[in-house]
Amino acid sequence: MYVGPSQHAHAWRAFFTARSWEPQLFADLVERDEIGAAFFEIETQINGLYRSLQMSQALAQRFGLSVDEDRRGEVELKARWLSLNAERFREALGPAQRELDIGLMQWMRRASCLSVVIGAGATMDAGGPSWAELVRRLLLRVIERGREQTEMRPRPGGTRENAEFERVVTAVEHLAAGEDLRARAVLASIEAGQADTEALMEGAQICYDFLGQHLFTDLTDILYENDRRPGLIHRAIAELAPAVNVPDRGGLLPGWDAIITYNFDDLMGEALDEAGLARAAYAMRGDELAGDPNTLAREQGQHALHQGIYHVHGYTPRRLFLITHVRFVFSTSQYECTYGGSRAGIVGEVFARWLANPVHHALYVGCSFADEEMNRLLRDAAKVLPGRYHYALLKWPGSCRHSEASAMELALASAPYLSMGVRPLWFDDFGEIAGLIRRLA
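Laid out in structure tokens, this is it:
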């Protein structure tokens, strides 16, 4: 499917600049054009509407002027109109909608306007644990091992001038009876495959209350056990990270506008290291957004081009790394602290710069959409920019193959995601993900 500028661009411009938009004239334009060209013009117009509004708002703010609410309402109305009137033509494509969206995202990525958002599925693709498995393993450690109390003591035979010390376990604490019962109940629900998000967060909270920040030392051990390395998904993303030349945006820019991850591990960063690319991991350290550049990025300097990786829920690399002040989002209390008030820190950064920014789109990879806080960010972005969508690679839930699904089956499966401003790109097998990412080159 061709996706790109239309040979009838002049007719589209005439329609978009008309005083009123007639649905039949719009339908005639779509039907006369190649479908991929028609949607290229429609999506470009929607982005252009919001971009012009964004620029006028920035100008008003600069000069202390009030924002024109009528202008905002007009833009939102037009964007909704275009999206709604185009939807029946999109639905008529059936499974070929995926080809259309891949074509649109190719243009976005080549302009460094596409970000990728990574969930636990990418870590699992590399042999790592799911969230449920991670909580299960941590609960087992807490129940079976407890918490060791240690102190440093001098080794026998040393002298004052040449003393050697060793860490000695002086006591082992275990969960109180009530907490032990709670932990075992959550563990049983996980092992029975019945634990929902609330139960998993309860299990994480039990571990965090008992171990404190030491929890993340255990977590790091699990994430990198057996010398785990980046998976196929990480490597496919890394292949598209080299800089792209975007003349109308000033020259070279990162291949991905941003890499945003909900995972603690640094496997995505290690894939970029293997590809020989400058990169920096960003996470909250206390109340500040702090960066951890790789060797190449440090050598080139902080103002040089590098690929940013934004760890929304915390960051723990393989190497020895001080995590004392790193802010993690794993347990119930940590979710409430991060998402309960106004959006600040890395969450606010991700929302403002990428999710609710009219000229930037995101592709969600390895995300189950079980995290309600992640979904709320998307819903809020959709409210700010109605008629505009992000994308997600998702496993087809039907009994038939995706390519055999009817338009009605596709519409029903897609509806929950479209309601939060996300267009699904369905696949049948998880092994397809890396290849689909590579097609965005």
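Residues in the sequence shown are numbered from 184 upward in steps of one, following my numbering. Where a beta carbon is used, it is the ideal one built from N, C-alpha and C, also for glycine. Given the structure is predicted, the values throughout are model-derived calculations rather than measurements.
- In the structure shown, residue 447 falls within a coil segment according to DSSP collapsed to helix, strand and coil.
- Following the DSSP letters along the chain, one finds residue 428 inside the beta strand (DSSP E) bounded by residues 427-429.
- Residue burial annotation: residue 486 is exposed, with fewer than 16 other C-beta atoms found within 10 angstroms of its C-beta.
- Short of 7 Å from the beta carbon of residue 526, and not among the five residues preceding or following it, lie these beta carbons of its own chain, in chain order: 534.
- For the pair of segments examined, the segment 581-597 was found not to touch the segment 467-480: the number of CB pairs separated by less than 8 Å stays below three.
- Measuring C-alpha to C-alpha distances from residue 401 to each of 315, 323, 415 identifies 323 as the nearest.
- In this structure, the CA atom of residue 563 is about 30 Å from the CA atom of residue 589.
- Shown here, residue 486 sits in coil according to DSSP, grouped into three states, outside any helix or strand.
- For residue 355, there is no enclosing alpha helix (DSSP H); the enclosing beta strand (DSSP E) covers residues 348-356.
- Contact between the segment 424-442 and the segment 350-369 is absent: fewer than 3 CB-CB pairs across the two stretches fall below 8 Å.
- DSSP lists 578 as the beta-bridge partner residues of residue 610.
- Using a Cβ-Cβ distance cut-off of 8 Å, the segment 442-460 and the segment 409-421 are in contact, since at least three pairs of beta carbons, one from each stretch, lie closer than that value.
- Using a Cβ distance threshold of 8 Å, residue 567 and residue 530 do not count as a contacting pair.
- The straight-line gap separating the alpha-carbon atoms of residue 391 and residue 547 is approximately 28 Å.
- Per DSSP, residue 434 is one residue of the beta strand (DSSP E) stretching across 434-436.
- The alpha-carbon separation between residue 220 and residue 278 amounts to approximately 18 Å.
- Positions of the beta strand (DSSP E) runs, each at least 3 residues long and wholly inside the segment 387-415, cannot be given because no such run exists.
- Comparing alpha-carbon positions, the option among 418, 250, 266 lying closest to residue 459 turns out to be 418.
- Residue 351 is positioned such that its CB atom lies no closer than 8 Å to that of residue 328.
- Every alpha helix (DSSP H) of 4 residues or more that sits fully in the segment 281-338 is shown, in chain order, as 303-308, 314-328.
- Inter-residue distance for residue 193 and residue 272 is about 21 Å (C-alpha atoms, whole angstroms).
- Put simply, of 346, 223, 394, 341 the residue whose alpha carbon is nearest the alpha carbon of residue 358 is 394.
- When only Cα atoms are considered, residue 312 and residue 406 end up about 7 Å apart.
- Look at residue 471 here: in three-state DSSP terms it is strand.
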